[in-house]
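Read through the structure below, which is laid out as C-alpha cells, and then see the notes.
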Amino acid sequence: MNDHLEIPSYTLSNIVNNAIQEDLGSFGDLTSQSLENNTNEITAIITSNKEGVVSGLNCAKMTFNKIDEKINFAPKLNDGDSLKINSVIASVTGSALSILSAERTALNFLGHMSGIASQTRNFTKLISHTKAKILSTRKTTPGLRVIEKYAVQCGGGFNHRFGLDYGILIKDNHIKVANGILNAIQGTEKNIPHLSNVEVEVDTIEQFRECQELGVKYILLDNMSADQIKECMKNNKNNSILEASGGINLKNIKAIAETGIEYISIGRLTHSSDSLDVSMHIE
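For the sequence shown, our numbering gives the first residue as 232, with consecutive numbering after it.
As C-alpha cells, this is what we get:
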C-alpha cells in the first residue's frame, strides 16, 4: 500500500491542459471577451459553501496560470485542511478576462477533489480508534486517477494498487479463467516470479481457508459481513494480511474496522463522492 502519492508535474499539466481545452474550445470564453472592461485587474475570493476538507489547490493554481501566467493565485489553506462554511480557500488577482476564463475549470478541480477528500475524512473519523487503514481503489474517473487518489490521501486515506502493473490481485474472474485459486497462483509464480506478494480475493469462508492452506500472504475479503470477517480473523493461522472490501459505507464501517482487520478498501470514495460546493466572488 502506498503511503504517499506525489503527482508528477507533467502528469498534472496534461490533466489541466485537457480540462482547459474542454472548456475553452477553439474560440475561448466568448462572454468574457465581449465585456468592455475585461482587461481591468480584479481580485476574486474562492470560498467553501459547505464544511469539508480542501484538496486540489495545485490544480486550481495551475489552471489559472496556464490561462495567464501573470495571475497571482494565493492559497489561504493547505490541501488536507478542514473547511467551514464560508472558509476562504484562496484569493486570485489578475485580469478579469483571464480569471473569468479559468474560473469554472479551477472550481471544478477544487470541488471534485475536495469532495473526495471530505468523504474520505468522514470514513477515517469513524474508525480512528482502530488500527484499520482506509484504501482507495481503481474505481476512478478515467484520466483522473492520480488526482483522485491524491484527494483520498488529503482526507486521511491511503492507496491500494495505482494500476494493474503495480501488483497482482487475483479476483473472482481470474479464478474462473484459471479454473481455481491454486491454478491462478501457480500461473503468477511461473510467469511473474519477481513479484513475491500476491493478493487473492475471496468471498466465502471456504475460499479463505483454501488460501490459508496455500500460504497466501495477502487476502481480500469481498462483501463479507463483520461476523464473517471475525471468523476469518479467528482462523488466520498464517497471520495473512487481510483487507475488507465491497459494500462498505458509513453505517457499517465502524463494525468492520472493530474486527481488527488491517485494511478497508472503499470504491465509493472516488466513484460516488459528491463534489464539495465552492464559489468564486469578485471583490
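Cβ coordinates follow ideal geometry from the N, Cα and C atoms, glycine included.
Treat the numbers as computed from the prediction; the structure is a model and nothing was measured.
Asked                                                                                                         : Found
T278 vs H502 beta-carbon contact at 9 Å                                                                       : no
Three-state secondary structure assigned by DSSP to S326                                                      : strand
Proximity test, Cβ basis, 9 Å: A457 and chain B                                                               : No chain B appears in this structure, which consists of one protein chain only.
Length of the line joining the Cα atoms of G346 and G311                                                      : 12 Å
Inter-residue spacing [alpha-carbon to alpha-carbon] between F304 and I378                                    : 19 Å
I251 and A333 closer than 9 Å at C-beta                                                                       : yes
Burial state of D403 (16 or more Cβ within 10 Å)                                                              : exposed
Environment of E272 [buried if 16+ CB atoms lie within 10 Å]                                                  : exposed
Exposure of I423, with buried meaning 16 or more beta-carbon neighbours within 10 Å                           : exposed
Other residues of its chain near A457: CB distance less than 6 Å, five sequence neighbours each side excluded : A486, I487, T490
For I484, three-class secondary structure by DSSP                                                             : helix
Candidates Q459, N470, D434, of which the one nearest E444 by Cα                                              : N470
From S476, L375, C385, residue whose alpha carbon lies closest to that of N245                                : L375
Nearest neighbour of V319, chosen from A275, L481, K370, V408 [CA to CA]                                      : A275
Coil, strand or helix - M511 by DSSP                                                                          : strand
Ordered list of beta strand (DSSP E) runs contained in the segment 397 to 467, each at least 3 residues       : 399 to 401, 429 to 433, 449 to 453
Check whether R440 and N466 have beta carbons under 9 Å apart                                                 : yes
Meets three-Cβ-pair contact criterion under 8 Å: the segment 338 to 352 and the segment 277 to 291            : yes
Three-state secondary structure (DSSP) of E282                                                                : coil
Reduced DSSP secondary structure (H/G/I, E/B, other) of A475                                                  : strand
Host alpha helix (DSSP H) of A382 (start-end)                                                                 : 376 to 385
Environment of T242 [buried if 16+ CB atoms lie within 10 Å]                                                  : exposed
Span of the alpha helix (DSSP H) around F295                                                                  : 288 to 298
Assumed close pair K351, G387 - CB separation to whole angstroms, cut-off 8 Å                                 : Rather than Lys, the amino acid found at residue 351 in this sequence is Thr. With 8 Å as the limit, T351 and G387 qualify as a contact, their Cβ atoms being about 6 Å apart.
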